[in-house]
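Residue numbers (my numbering), protein chains in the order written: chain C, 8 to 275; chain F, 8 to 275; chain L, 195 to 454; chain D, 195 to 454.
What follows is a single structure, written as structure tokens, with notes after it.
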Amino acid sequence: MAEITSLSDAVAELVRDGDTVALEGFTHLIPVAAGHEIIRQRRRGLTLVRMTPDIVYDQLIGAGCAARLVFSWAGNPGVGSLHRFRDAVRKGWPAPLEIEEHSHAGMANRYVAGASGLPFAVLRGYTGTDLAAQTATIKPIACPFTGELLAAVPALNPDVGIVHAQRADRAGNVQFWGITGVQKEVVLASRRSLVTVEEIVDELAPRPGAVVLPQWTVTRVARVPGGAHPSYAMGFSERDNDYYREWDAISRDRDAFTRWLEESVLAA
Amino acid sequence: MAEITSLSDAVAELVRDGDTVALEGFTHLIPVAAGHEIIRQRRRGLTLVRMTPDIVYDQLIGAGCAARLVFSWAGNPGVGSLHRFRDAVRKGWPAPLEIEEHSHAGMANRYVAGASGLPFAVLRGYTGTDLAAQTATIKPIACPFTGELLAAVPALNPDVGIVHAQRADRAGNVQFWGITGVQKEVVLASRRSLVTVEEIVDELAPRPGAVVLPQWTVTRVARVPGGAHPSYAMGFSERDNDYYREWDAISRDRDAFTRWLEESVLAA
Amino acid sequence: MTEWTSDEMMTVAAARALRDGTRCFVGIGLPSTAANLARRTHAPGLVLVYESGTIGAKPDRLPLSIGDGVLAETADAVVSVPEVFNYWLQPGRIDVGFLGAAQIDRYGNINTTIIGDDYRDPTVRLPGAGGAPEIAASCREVIVIVRQSPRTFVDRVDFVTSVGYGSGPGDRQRLNLPGRGPVTVITDLGILEPDPRTCELTMTRLHPGVAADRARAATGWPLRIAESAGTTLPPATAELAALRALQATVRQSSPAKESA
Amino acid sequence: MTEWTSDEMMTVAAARALRDGTRCFVGIGLPSTAANLARRTHAPGLVLVYESGTIGAKPDRLPLSIGDGVLAETADAVVSVPEVFNYWLQPGRIDVGFLGAAQIDRYGNINTTIIGDDYRDPTVRLPGAGGAPEIAASCREVIVIVRQSPRTFVDRVDFVTSVGYGSGPGDRQRLNLPGRGPVTVITDLGILEPDPRTCELTMTRLHPGVAADRARAATGWPLRIAESAGTTLPPATAELAALRALQATVRQSSPAKESA
Numbered sequence: 008m009a010e011i012t013s014l015s016d017a018v019a020e021l022v023r024d025g026d027t028v029a030l031e032g033f034t035h036l037i038p039v040a041a042g043h044e045i046i047r048q049r050r051r052g053l054t055l056v057r058m059t060p061d062i063v064y065d066q067l068i069g070a071g072c073a074a075r076l077v078f079s080w081a082g083n084p085g086v087g088s089l090h091r092f093r094d095a096v097r098k099g100w101p102a103p104l105e106i107e108e109h110s111h112a113g114m115a116n117r118y119v120a121g122a123s124g125l126p127f128a129v130l131r132g133y134t135g136t137d138l139a140a141q142t143a144t145i146k147p148i149a150c151p152f153t154g155e156l157l158a159a160v161p162a163l164n165p166d167v168g169i170v171h172a173q174r175a176d177r178a179g180n181v182q183f184w185g186i187t188g189v190q191k192e193v194v195l196a197s198r199r200s201l202v203t204v205e206e207i208v209d210e211l212a213p214r215p216g217a218v219v220l221p222q223w224t225v226t227r228v229a230r231v232p233g234g235a236h237p238s239y240a241m242g243f244s245e246r247d248n249d250y251y252r253e254w255d256a257i258s259r260d261r262d263a264f265t266r267w268l269e270e271s272v273l274a275a
Numbered sequence: 008m009a010e011i012t013s014l015s016d017a018v019a020e021l022v023r024d025g026d027t028v029a030l031e032g033f034t035h036l037i038p039v040a041a042g043h044e045i046i047r048q049r050r051r052g053l054t055l056v057r058m059t060p061d062i063v064y065d066q067l068i069g070a071g072c073a074a075r076l077v078f079s080w081a082g083n084p085g086v087g088s089l090h091r092f093r094d095a096v097r098k099g100w101p102a103p104l105e106i107e108e109h110s111h112a113g114m115a116n117r118y119v120a121g122a123s124g125l126p127f128a129v130l131r132g133y134t135g136t137d138l139a140a141q142t143a144t145i146k147p148i149a150c151p152f153t154g155e156l157l158a159a160v161p162a163l164n165p166d167v168g169i170v171h172a173q174r175a176d177r178a179g180n181v182q183f184w185g186i187t188g189v190q191k192e193v194v195l196a197s198r199r200s201l202v203t204v205e206e207i208v209d210e211l212a213p214r215p216g217a218v219v220l221p222q223w224t225v226t227r228v229a230r231v232p233g234g235a236h237p238s239y240a241m242g243f244s245e246r247d248n249d250y251y252r253e254w255d256a257i258s259r260d261r262d263a264f265t266r267w268l269e270e271s272v273l274a275a
Numbered sequence: 195m196t197e198w199t200s201d202e203m204m205t206v207a208a209a210r211a212l213r214d215g216t217r218c219f220v221g222i223g224l225p226s227t228a229a230n231l232a233r234r235t236h237a238p239g240l241v242l243v244y245e246s247g248t249i250g251a252k253p254d255r256l257p258l259s260i261g262d263g264v265l266a267e268t269a270d271a272v273v274s275v276p277e278v279f280n281y282w283l284q285p286g287r288i289d290v291g292f293l294g295a296a297q298i299d300r301y302g303n304i305n306t307t308i309i310g311d312d313y314r315d316p317t318v319r320l321p322g323a324g325g326a327p328e329i330a331a332s333c334r335e336v337i338v339i340v341r342q343s344p345r346t347f348v349d350r351v352d353f354v355t356s357v358g359y360g361s362g363p364g365d366r367q368r369l370n371l372p373g374r375g376p377v378t379v380i381t382d383l384g385i386l387e388p389d390p391r392t393c394e395l396t397m398t399r400l401h402p403g404v405a406a407d408r409a410r411a412a413t414g415w416p417l418r419i420a421e422s423a424g425t426t427l428p429p430a431t432a433e434l435a436a437l438r439a440l441q442a443t444v445r446q447s448s449p450a451k452e453s454a
Numbered sequence: 195m196t197e198w199t200s201d202e203m204m205t206v207a208a209a210r211a212l213r214d215g216t217r218c219f220v221g222i223g224l225p226s227t228a229a230n231l232a233r234r235t236h237a238p239g240l241v242l243v244y245e246s247g248t249i250g251a252k253p254d255r256l257p258l259s260i261g262d263g264v265l266a267e268t269a270d271a272v273v274s275v276p277e278v279f280n281y282w283l284q285p286g287r288i289d290v291g292f293l294g295a296a297q298i299d300r301y302g303n304i305n306t307t308i309i310g311d312d313y314r315d316p317t318v319r320l321p322g323a324g325g326a327p328e329i330a331a332s333c334r335e336v337i338v339i340v341r342q343s344p345r346t347f348v349d350r351v352d353f354v355t356s357v358g359y360g361s362g363p364g365d366r367q368r369l370n371l372p373g374r375g376p377v378t379v380i381t382d383l384g385i386l387e388p389d390p391r392t393c394e395l396t397m398t399r400l401h402p403g404v405a406a407d408r409a410r411a412a413t414g415w416p417l418r419i420a421e422s423a424g425t426t427l428p429p430a431t432a433e434l435a436a437l438r439a440l441q442a443t444v445r446q447s448s449p450a451k452e453s454a
């Protein structure tokens, strides 16, 4: 059932104002090009979900797409802070940003519950931390057999889940390998899904460590070579570490950011 | 930390009378040779755990090793009933057999909880069935966010988990592929573990679909080529369908079974 | 005219019930035979999911067990057993669950656990639940394939292993079971469907040559036969040829009897 | 005599704290550098587990991020992110959790969430929890590596992202946290360990050339220095050479600054 379309058509059809949208990819295979397309199509009021909001989320937030962020680690990995994220949280620029904050273990399990059709997940987590007091989506739950108290977190079922993969076949079956993160879970947990791929091939030859998503679990596939830049797609590209470092200066300043946005995203 | 030993040494060191022991392998890679070694070492009073008790469990039960069976489907696949299992349940021969019965989904999730260090797992299961009334290890649990009622099952953490794999390297890292069932879960959930393998190699070359268990998750590895017979090890052997069919006649009769046991297991 | 057995008629009728492109959770035995027949005839795009974790298997012969190597070798993806239940079955991703039964009752409830009225001391101990309770609950709809006899078609199952319509209308909703339940029961005598009002299994089709009285006699409750009940189209030559070719693949690879 | 920087001393001291064969959950930045140094010096059998799901990674250069391709290419197994937390971290399979901190307090509690006293309006918004709360809870023991300053070493963290010893003895037990907690804190000035009686972080070692007063001045609570406190052995020539060679692998593959 996966339809192969252009990236702009896919985003136009799948992502609506006010949607809950998750772009996942754990350092590897981050669907950055899809994020830029969301910016270009000027979506507003999104609840953005991501374990590790990094540069592409800083860009989406700075561009005014987001009303809310659900996350567990927001930073520019190896460099420092996300300045657009900070500016939105502290100063409400360009729009106020609500946050819902978890740990990685909590977020990963929320996707697992979502992919599993369960309303919640159970984990040993958050005990003794100050997070539970700030985050309404963390509650205690007792084991019905031992009485032990654990943490419950509600399922995440985004309206749209977006990931980048190495390849798809012409029927829309998707294959990715290397660090596979929570990509399978986010696609299975989401109502609609978009996978951008490096290439479309006749046949998906089996590969060690590869995850395959059958075409009937994916809504749209778009061929976007390099669509994970500045992150990488194992076997296709290297991480552009300079881009991460240079983002720090661009994002520190609202004007520099706005210029960058005009030139590098909106004009593209 | 995996030590490579003979099968008899491994069973002697790991399996004790009264232990809870799980031999897993979903049609594929069933650790039958290890089961026969448990029979030869005349272990008694075991709680045997397995999603699909089939011939090797019929044999363990008939040989008097088991006091209790935790399971979700007990049959001779493609043939019919397990006669030693039935005889033990109905007539207590050669020893009474208590049963604790679940569905596959419940058993699989009990192993997942065991592997995850959680006391229980949650699933949509058992609703409206008569199983919950017979099985104390099925309880209702309410979602703390939606109030929805689901089923909880307690973790399975066997004393010993036993699986068969295609190969290990000399350090005891284990690799298996094809239908991988719940084998990773049972090894990770168990206090001690034994993996019998078709071969021991210098290096585990990556393979599509392969699961690797690092040596520090396995207690003992034993080289037992053909150790899954009459089930199969993909890439090494075919399923011996005649054996399954012939088991029906052997197992129907206590004397025929006893003769078989003497000749085929105890004398081996 | 070609001769055929009632088992062949049953298998062909079951295969026909599967629409092309459907995602189908397949048990071993008759359901697997019927699903593979459908794939070889009118439904080449049928997606076969087996509880062994093989998703989108495309076997070129009849698998001999639920974990036959040919399933892993030809699948789109092979996942762990916990994953197949948690990520694939439980969320309702599967259109059709295809089940057998040792007993089925007038409300489509299925028993594969025990015969007798004492769970602790049964007359016959059956294999148990396997994947069936959650297949019956979570698939969008369920098709049952089972030979019809008074021993099998009972007024009330001795043990509810898998819920059909419980004790009648509204029970599935009350139990919060997501799927529609058993929409079709295919036997060697004909086809039953739940009455839309009462949920009682009602004969809506008889196989060629099967008289209504024979179906009634094979049923442990006062069987209703729909007034509109017609006759199943007999197996076409192509269907029979495909079925026999499929079953020959079993005989070639092993003489084991293929049914559970 | 070789010259070295205080960061080099800190990294070498952290590497030394890792015994060979230990299973170590590694965060990016200083912990990853120290763990990779240990693997290149005295602990070739150190098992590196990264939250990206790479288990037993054996990188031949310093990874630039927690999800660097070199980790996947050299790992014994690459698993999903849910699996690394659920099957590998949560059950207590990991010996040592290796963490950094933006703030750490006298009881070893760690803050990486906010600076300020209002979560909704912080003075500084930090990245947040990541994997740290569950690493701090579930690993058998925790080693923290962090530069020592009054801004970082505070009497009480503004926000408990990851629990050390809570508010003192018995708190981890009361909270039912399985691991022992932070057993060693390694800084650019020396090494701190919890007092066995009070759980208060106490200086048990000063790096060569660091005076006790300097350590006290860099600490936001009245720092106790153990009477038995000795001086850390300076980095050996081989340790320094290995560390510098390791860091050169970063400069070769990219000019990116390696710290988070």
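Heads up, the beta-carbon is just placed ideally off N, CA and C, and yes, glycines get one too.
Only a predicted model underlies this, so the values are computations on that prediction, with no experimental measurement involved.
Between A232 of chain D and L212 of chain D a beta carbon distance of about 4 Å is seen, short of the 8 Å cut, so the two are scored as contacting. For the pair V290 of chain D and E335 of chain D, the CB atoms are nearer than the 8 Å cut-off.
Not one beta carbon of chain F lies nearer than 8 Å to the beta carbon of A326 of chain D.
Per DSSP, the beta bridge partners of P147 of chain F are F:A158. With its beta carbon less than 8 Å from one in chain F, P285 of chain D belongs to the interface. Residues of chain F whose Cβ lies closer than 7 Å to the Cβ of A271 of chain D are, in chain order, V219 and P221. The region 304 to 322 of chain L makes contact with the region 355 to 371 of chain L, as at least three CB pairs between them are under 8 Å. Every beta strand (DSSP E) of 3 residues or more that sits fully in the region 157 to 234 of chain F is shown, in chain order, as 167 to 176, 181 to 183, 199 to 208, 218 to 220 and 227 to 230. Per DSSP, D365 of chain L has no beta-bridge partner at all.
Shown in chain order are the members of the region 92 to 118 of chain F whose Cβ falls below 8 Å from a Cβ of chain L: F92, R93, V96, R97, E108, H109, S110, H111, A112, A115, N116 and Y118. V119 of chain F is positioned such that its CB atom lies no closer than 8 Å to that of I106 of chain F. Around the beta-carbon of V318 of chain D, fewer than 16 other beta-carbon atoms lie within 10 Å, marking it exposed. Take the alpha-carbon of F33 of chain C and the one of G52 of chain C: they are about 24 Å apart. DSSP, reduced to helix, strand and coil, places I385 of chain D within a strand of the structure shown. Not flagged as an interface residue toward chain D: D260 of chain C, since no C-beta distance is shorter than 8 Å. Taking R252 of chain C as the centre and dropping the five residues before and after it, the same chain places the C-beta of V86 closer than 6 Å to its C-beta, in chain order. Minimum Cα-Cα distance from R199 of chain C among the listed residues C:N164, C:T136 and C:E205 corresponds to C:N164. Counting every other CB atom within 10 Å of its CB across the protein chains shown gives L156 of chain F a total below 16, marking it as exposed. Bounds of the alpha helix (DSSP H) holding P327 of chain L are A326 to S332. Residue state for Y133 of chain F is assigned as coil, using DSSP reduced to three classes.
Taking the beta carbon of G179 of chain F as reference, no residue of chain D falls within 8 Å; the closest one sits roughly 11 Å away. The beta-carbon of Y313 of chain L is placed less than 8 Å from the nearest beta-carbon of chain F. In this structure the region 199 to 209 of chain C does not touch the region 294 to 309 of chain L; the number of beta carbon pairs closer than 8 Å is below three. Around the C-beta of K98 of chain C, fewer than 16 other C-beta atoms lie within 10 Å, and the residue is accordingly described as exposed. Listed by position along chain L, the residues whose Cβ is nearer than 9 Å to that of Y64 of chain F form an empty set, because the closest Cβ is around 12 Å away. In terms of CA proximity to D349 of chain L, L:L417 leads the group L:A269, L:F219, L:G223 and L:L417.
For F347 of chain L, no Cβ of chain F is located within less than 8 Å of the residue's own Cβ.
At a beta-carbon threshold of 9 Å, the residues of chain L lying near L195 of chain C are Y281, W282, P285 and R287, ordered along the chain. About 17 Å separates the Cβ atoms of L427 of chain L and A409 of chain L, ruling out a contact at the 8 Å cut-off. Assignment of R50 of chain F by DSSP, reduced to helix, strand and coil, places it in the coil class. Exposed is the label assigned to A420 of chain L, since fewer than 16 other Cβ atoms lie within 10 Å of its Cβ.
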